[in-house]
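Colleague: If you use the working numbering, the sequence shown corresponds to residues 45 to 466, in order. Note that the Cβ used here is the ideal one computed from N, Cα and C, for glycine as well. Owing to the predicted nature of the structure, the values given are computational and were not obtained by experimental measurement.
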Amino acid sequence: MLILNEVGIEMRRITLVIILMIMVFPMSVFSQASSQSDFSDKISPIGIAPNPQEGYGSNSNQLAQPDDIEFINNGSLLVSDVNNNRLQLFSIDGKLLKSINATDLHLKGDITPTGIGQDKDGYIYVSLEAAGVIVRLNPDLTFDQFIGEHCDIKDTEYYCSANDNCLMAPQGLIASPDGDVFIIDMDDSFRRGAAGKIRNFGFRKFKKIVVDGKSSFQYDKNFAATQEITKVMRKSEGMAIDLLRGILFVAEEKPLMDQFKNLNKKRYVAAFDLKTGRFLNKLYGVTLKKEKIVDGVFDDSIEGLCVFGDYLFAVDEKKGCIRVFDIDTGDYLGFWGHPAYYYCDDHSNCEIEGVNYNEQSIIAGKAMPYLKNNWTKNELASPDGISVVEQKDGSKRLAVVDQWNSRIVIYDLDQILRVIKN
45 MLILNEVGIE MRRITLVIIL MIMVFPMSVF SQASSQSDFS DKISPIGIAP NPQEGYGSNS
105 NQLAQPDDIE FINNGSLLVS DVNNNRLQLF SIDGKLLKSI NATDLHLKGD ITPTGIGQDK
165 DGYIYVSLEA AGVIVRLNPD LTFDQFIGEH CDIKDTEYYC SANDNCLMAP QGLIASPDGD
225 VFIIDMDDSF RRGAAGKIRN FGFRKFKKIV VDGKSSFQYD KNFAATQEIT KVMRKSEGMA
285 IDLLRGILFV AEEKPLMDQF KNLNKKRYVA AFDLKTGRFL NKLYGVTLKK EKIVDGVFDD
345 SIEGLCVFGD YLFAVDEKKG CIRVFDIDTG DYLGFWGHPA YYYCDDHSNC EIEGVNYNEQ
405 SIIAGKAMPY LKNNWTKNEL ASPDGISVVE QKDGSKRLAV VDQWNSRIVI YDLDQILRVI
465 KN
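(1) Tell whether a beta-carbon distance below 8 Å holds between Trp-448 and Ser-431.
(2) Can you tell me the Cα-Cα spacing of Asp-111 and Pro-214, whole angstroms?
(3) Give me the Cβ distance between Ala-93 and Phe-134, rounded to the nearest whole Å; I'm assuming they're in contact under 8 Å.
(4) For Asn-400, which residues from the same chain have a beta carbon less than 6 Å from its beta carbon, with the 5 sequence-adjacent residues on both sides left out?
(5) Report the three-state DSSP secondary structure of Ile-291 (helix, strand or coil).
(6) Answer yes or no: do Cys-204 and Gly-192 have a C-beta to C-beta separation smaller than 8 Å?
(7) Can you tell me the Cα-Cα spacing of Thr-373 and Gly-340, whole angstroms?
(8) By Cβ distance below 7 Å, which residues in the same chain neighbour Ile-273 in space, the five residues on each side in sequence not counted?
(9) For Met-301, count neighbouring C-beta atoms within 10 Å of its own C-beta (all shown protein chains included) and say buried if the count is 16 or more, exposed if not.
(10) Between Ile-155 and Gln-162, is the Cβ-Cβ spacing less than 8 Å?
(11) Using the Cβ count rule (16 or more neighbours within 10 Å means buried), how would you classify Val-453?
(12) Residues in the same chain with beta-carbon distance under 6 Å from Ser-450, minus the five sequence neighbours each way, listed in chain order, please.
(13) Which value, in whole angstroms, describes the spacing of the CA atoms of Gly-240 and Val-276?
(14) Could you compute how far the alpha carbon of Ala-219 sits from the alpha carbon of Glu-397?
(15) Taking 8 Å as the threshold (C-beta atoms), are Gly-381 and Cys-365 in contact?
(16) What residues in its chain sit with their C-beta under 7 Å from that of Asn-182, if we drop five residues either side in the sequence?
(17) Do Asp-456 and Ile-90 have their beta-carbon atoms positioned less than 8 Å apart in this structure?
(18) Use the C-beta contact count for Thr-186: other C-beta atoms within 10 angstroms, 16 or more gives buried, fewer gives exposed.
(19) Just to confirm, are Asp-370 and Phe-342 a CB contact at a threshold of 8 Å?
(20) Residue range of the alpha helix (DSSP H) that Asp-458 falls in?
(21) Less than 8 Å between the beta carbons of Ser-345 and Arg-311, yes or no?
(22) Applying the 10 Å Cβ sphere with the 16-neighbour rule, what's the burial state of Arg-462?
(23) Flag this pair as yes or no: are the beta carbons of Asp-224 and Lys-252 separated by less than 8 Å?
(24) Which partner residues of Tyr-387 appear in the DSSP bridge assignment?
(25) Taking Pro-338 as the reference, which of Leu-349, Val-433 and Gln-303 has the closest Cα?
(26) Going by the beta-carbon positions, is the gap between Ser-124 and Pro-157 smaller than 8 Å?
(27) Is the CB of Leu-332 under 8 Å away from at least one CB in chain B?
(28) Which residue's Cα is closest to the Cα of Asp-41: Val-433, Asp-231, Lys-249 and Lys-86?
(29) So, Tyr-355 versus Arg-367, is the Cβ gap smaller than 8 Å?
(30) According to DSSP, Ser-439 sits in a beta bridge with which residue or residues?
(31) Assign Lys-363 to buried or exposed, taking buried as 16 or more other Cβ atoms, counted over all protein chains shown, within 10 Å of its Cβ.
(32) Considering only their Cβ atoms, is the gap separating Leu-332 from Val-313 smaller than 8 Å?
(33) Between Ala-358, Thr-200 and Lys-336, which lies nearest to Lys-305 when the distance is taken from Cα to Cα?
(34) Measure the C-alpha to C-alpha separation of Tyr-319 and Phe-226 and round it to an integer number of angstroms.
(35) Quick check on this structure: which residue in Val-444, Asn-244, Asn-422 and Tyr-263 has the alpha carbon closest to the alpha carbon of Ile-87?
(36) Pull the bridge partners of Glu-434 from the DSSP assignment, please.
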């Protein structure tokens, strides 16, 4: 009896040790980078916007470095046309419906629209990087109000309580269905410090407050006190919300080697709790062994993110493709899209058939990649923003910003889902 008691005591002792280890060293769940499945030959675009298009420029059938896109409630497409300082609204078949400029937004000069989001009531939210504010538009795209205010402050002053409403250079934006706004502030000053308690970038959540039927927005101090986004991430822009699972996804564009012992600086998408901003110990797009990132599927910068059902879609800008992940398992399912042949990024030159297809040549009108790269074959030149919608008739669409081909490429999401499942 004594021996049995001693065994029982020892077993309880071991169990207690295991429990304490779990409490002290919580298990991290990381996604694995599985073998790649190329869906490019099975997924075919169904259209573009503008249609017809005239490449890079300021005319009605042109775009100049478009950044983000949002399907609005009636199925049309709202695009942030960055270098033209305007928002362009296109029908699903690519016809221009409306153009919104600084004057329409009660502003003057450069506004540099970047991120676009939408709530369940159809209100639109746009980050205006050059103006240093967020603008909220009514469902009919008329001006409603500004959120935040532009402040001439230093990054070290950003999180002082007196500056809670301040923005510097807001870029990445996502709105929750209830109208709360998450904004990434990427002023250059933030990038100079990434050690100790220095924040890697600015991050705000503005909570919607409704009083007597009128909406206003307030810096969410409770979220700020618990969020770990600015501790886990170094440089981000793309975000997406999975309301069903309560997850805020954030894309890492420029990781440091000391983040998860990431010696090769592999890019990833991190998952955070939507209510608290706490890190959920889950990364998408990388392989982790012994708390160390050893491999990854992303070629370089991750841009736009979006969620539909069980799937997370992420734009791999440099590889010219869209990658797909199972949200629950973290499994990498595959990709579609290829880098456009007639295009070289902003850090290189590539003379093809006597023409240099770098970005400077495109801006100057010397190179016209949109005439050479075939959108029907998923040839993408620096893709960026991404958006999905389920229309009133039940059909589903996905659109991707094909930045330096100066167009939006539109897909049948039903086809994409069938290909992924098979």
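Modeller: Let's see:
(1) no
(2) 13 Å
(3) 4 Å
(4) Asn-393
(5) strand
(6) no
(7) 16 Å
(8) Phe-247, Val-294, Phe-316 and Gly-321
(9) exposed
(10) no
(11) buried
(12) Gly-99, Tyr-100, Leu-107 and Tyr-414
(13) Low local confidence applies: a pLDDT of 46 at Gly-240 is under 50, so the model's placement there is unreliable, with the coordinate-based value given in what follows. Approximately 12 Å between the Cα atoms of the pair.
(14) 45 Å
(15) yes
(16) Tyr-167 and Asp-188
(17) yes
(18) exposed
(19) no
(20) 457-465
(21) yes
(22) exposed
(23) yes
(24) Its beta-bridge partners do not exist; DSSP assigns none.
(25) In the sequence under discussion, the amino acid at residue 338 is Val, which differs from the Pro named in the question. The option with the nearest alpha carbon to Val-338 is Gln-303.
(26) yes
(27) Here chain B cannot be found, since the structure has a single protein chain.
(28) An answer regarding residue 41 cannot be provided, because it is not within the stretch 45 to 466 covered by the chain.
(29) no
(30) In DSSP, Ser-439 forms no bridge with anything.
(31) buried
(32) no
(33) Lys-336
(34) One point to set straight first is that residue 319 is Lys, not Tyr, in the sequence displayed. When rounded, the distance between both Cα atoms is 11 Å.
(35) Asn-422
(36) Lys-440
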